[in-house]
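Residue numbers (the numbering used here): 347 to 751.
Report on one structure; see the data block that follows.
Next up, the structure:
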């Protein structure tokens, strides 16, 4: 009795699984559509999050860039995965309609003479073949999700340790390299270690083994490499202008020659995004006073303290102003004339939540037309490997033009 009951239950389970497999296209299309809608809206959030880490938490620009490229890369890869899947499902739906309209397939006698006599595929065979391709294409990202999830948790751990222990990027990088080498060494060993046995039973390993054994071990690798390759232009597009958040460097020549207006003027700027450097209220100024803003970087606090304690001679040599706030690390020039700013106000922009310094200065006697605004910045550069440091003046920390009406 129990044996018959177990057999009946197993039969029902198999029947349920087969039914689910036949109708898998419905959840596939719904899930792919929802995920794609989310993925196309998410890159800007990742960009702002990385800028927030650099500006408000003071993490190293390289670390912030790694986080940005890593998260943007994940998003781009899954964009391609699900776009391919939906495209294949679109083709599958067309073949399904074709098999319904013309179930017999090709009628040889009605073809042109030069097209007769060939072995054409049946519509239902093409549908079944493409169905397997669609399902396998949808299933492949599952293993990638688990891998990226593990890597993301590890990256968050490194970020937490970096901020909590106030480590340098070189220390975190060394720890990361050592752990990667250790894991790769254990995984590539020919011995059946406990780690390899545990990993072989995991979902990721099983999915990869299924793909490699059924599609070919080189096909799955090349397929993944092509996805990564196609994601590069998307990553580049989503990370464009992020070098502007490199607080310890001058602007690039291309940024000075072809400035992006939305990075310098509030009337061209998306209020939900952050300013990387100096900015004005508007591009065309018709009053006799102008309001200027400076993006605040948490890392500047350490630079200011270092300058006051260890480099007072350099400050005197450069005739630099007293360092009371991190805004005092900057000097403003209008058409190469130094602008005297007495004090800076502290503000938080809405809705981005960005911390900025703002002040005003007069435009008395300034002729109508285009004028250049340049911001110098005094910083201390430290070599992460030797520990040595030096004072450096960034003459083009910010550099752009505005129009006096």
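Cβ atoms here follow ideal geometry from the backbone N, Cα and C, with glycine treated the same way.
Computed from a predicted structure; not experimentally measured.
Can you name the residues that DSSP bridges to residue 531? What you label residue 531 is simply residue 185 of the chain shown in a count that begins at 1. In DSSP, residue 531 forms no bridge with anything.
Using the beta-carbon count (16 or more within 10 Å), is residue 682 buried or exposed? As a first step, residue 682 must be located in the chain shown, where it is residue number 336. So residue 682 counts as exposed.
If you reduce the DSSP assignment to three classes, tell me which class residue 477 lands in. Numbered from 1 along the chain shown, position 131 holds the residue referred to as residue 477. The answer is helix: DSSP assigns residue 477 an H, G or I state.
Let me make sure I understand the geometry here. Which of 614, 494 and 489 has the alpha-carbon closest to that of residue 555? The residue labelled residue 555 in the question sits at position 209 within the chain shown. Considering only alpha carbons, the answer is 489.
Please list, in chain order, all residues of the same chain as residue 611 whose beta carbon is under 8 Å from its beta carbon, the five residues on each side excluded. Working through the chain shown from its first residue, we reach residue 611 at position 265. These residues qualify, in order along the chain: 625, 626, 627, 628, 629 and 748.
With H, G and I counted as helix, E and B as strand and the rest as coil, what does DSSP make of residue 700? Counting from one through the chain shown, the residue named residue 700 turns up at place 354. Coil at residue 700, not helix or strand.
Determine the DSSP secondary structure at residue 595, reduced to helix, strand or coil. Sequence index remark: in the chain shown, residue 595 carries index 249 (1-based). It is coil, neither helix nor strand.
Residue span of the beta strand (DSSP E) that contains residue 676, given as start and end: As a working mapping, residue 676 is identified with position 330 in the chain shown. Here the beta strand (DSSP E) through residue 676 covers 676 to 680.
With distances taken between CB atoms, is the gap from residue 636 to residue 678 smaller than 8 Å? Walking along the chain shown from the start, residue 636 turns up at place 290. Walking along the chain shown from the start, residue 678 turns up at place 332. Not closer than 8 Å, so no.
Going by DSSP, what residues sit across from residue 745 in a beta bridge? The residue given as residue 745 occupies position 399 in the chain shown. In the DSSP output, where bridge partners are listed per residue, residue 745 has 720.
Straight-line Cα distance separating residue 478 from residue 374: Taking the chain shown and counting its residues from 1, the one referred to as residue 374 is at position 28. Taking the chain shown and counting its residues from 1, the one referred to as residue 478 is at position 132. Each residue's Cα considered, the two are about 13 Å apart.
Taking residue 502 as the reference, give the member of 405, 559 and 607 with the closest Cα. Within the chain shown, residue 502 is the residue found at index 156, counting from 1. Nearest of 405, 559 and 607 to residue 502, Cα basis: 405.
Roughly how many angstroms lie between the CA atoms of residue 484 and residue 642, to the nearest whole one? In the chain shown, residue 484 corresponds to position 138, counting from 1. In the chain shown, residue 642 corresponds to position 296, counting from 1. Those two C-alpha atoms are separated by around 44 Å.
Residue 746, buried or exposed, once every other Cβ within 10 Å from all chains shown has been counted against 16: Looking up residue 746 in the chain shown gives position 400. By the 10 Å Cβ count, residue 746 comes out buried.
Is the number of C-beta pairs between the region 408 to 426 and the region 573 to 581 that are closer than 8 Å three or more? yes
Is it the case that the Cβ atoms of residue 423 and residue 396 are separated by a distance below 8 Å? Start at 1 with the first residue of the chain shown, and residue 423 comes out as number 77. Start at 1 with the first residue of the chain shown, and residue 396 comes out as number 50. Cβ distance not < 8 Å, so residue 423 and residue 396 don't count as in contact.
Would the region 514 to 525 and the region 581 to 600 be scored as touching if the rule is three or more Cβ pairs under 8 Å? no
Could you spell out where the alpha helix (DSSP H) holding residue 641 opens and where it closes? Counted from its first residue, the chain shown places residue 641 at position 295. Per DSSP, residue 641 belongs to no alpha helix (DSSP H); it is in the beta strand (DSSP E), 635 to 641.
Enumerate in chain order the residues of its own chain whose CB-to-CB distance from residue 692 is below 6 Å, with the five nearest sequence positions on each side excluded. Along the chain shown, one-based indexing puts residue 692 at 346. So the list is empty, once near-sequence residues are dropped.
Through-space distance from residue 707 to residue 739, alpha-carbon basis: Here residue 739 refers to the residue found at position 393 when the chain shown is read from its first residue. Here residue 707 refers to the residue found at position 361 when the chain shown is read from its first residue. Straight-line Cα distance between these residues: approximately 23 Å.
Kindly indicate which three-state DSSP category residue 440 falls into: helix, strand or coil? Within the chain shown, residue 440 is the residue found at index 94, counting from 1. Three-state result, residue 440: helix.
Could you pull out every residue in the same chain whose Cβ sits closer than 7 Å to the Cβ of residue 550, ignoring the five residues on either side in sequence? Counted from its first residue, the chain shown places residue 550 at position 204. Result list for residue 550: 489, 492 and 493, in chain order.
Could you tell me the distance, in whole angstroms, from the CA atom of residue 698 to the CA atom of residue 392? Against the chain shown, residue 698 aligns to sequence position 352. Against the chain shown, residue 392 aligns to sequence position 46. Roughly 13 Å separates the two Cα atoms.
Spatial neighbours of residue 471 in its chain, beta-carbon cut-off 8 Å, leaving aside the 5 residues before and after: Locating residue 471 in the chain shown gives position 125, where the first residue counts as 1. Excluding positions up to five away in sequence, the list is empty.
Where residue 452 and residue 499 are concerned, what is the direct C-alpha to C-alpha distance, given to the nearest angstrom? Here the question's residue 452 lines up with position 106 in the chain shown. Here the question's residue 499 lines up with position 153 in the chain shown. If you take the alpha carbons of residue 452 and residue 499, they lie about 54 Å apart.
Over what stretch of residues does the alpha helix (DSSP H) that includes residue 645 continue unbroken? In the chain shown, counting from the first residue as 1, residue 645 sits at position 299. Unbroken alpha helix (DSSP H) run through residue 645: 645 to 656.
Let me make sure I understand the geometry here. Which of 529, 557 and 558 has the alpha-carbon closest to that of residue 545? As a working note, residue 545 is residue 199 in the chain shown. Of the listed residues, the one whose Cα sits closest to residue 545 is 529.
Within its chain, find whatever has a CB closer than 7 Å to the CB of residue 557; leave out the 5 residues flanking it on each side and keep chain order. If you number the chain shown from 1, residue 557 lands on position 211. These residues qualify, in order along the chain: 486 and 566.
Verify the CB distance criterion: does residue 577 have a CB-CB separation below 8 Å to chain D? Absent from the structure: chain D. Only one protein chain is present.
Going by CA-CA distance only, name the one from 481, 750 and 496 that's closest to residue 548. Indexing the chain shown from 1 puts residue 548 at position 202. Residue 548 has its Cα closest to that of 496, out of 481, 750 and 496.
Burial state of residue 702 (16 or more Cβ within 10 Å): Here the question's residue 702 lines up with position 356 in the chain shown. Flag for residue 702 reads buried.
Exposed or buried, what is residue 389 when buried is set at 16 or more other beta-carbons lying within 10 Å of its beta-carbon? As a first step, residue 389 is located in the chain shown; it is residue number 43 there, counting from the start. Buried.
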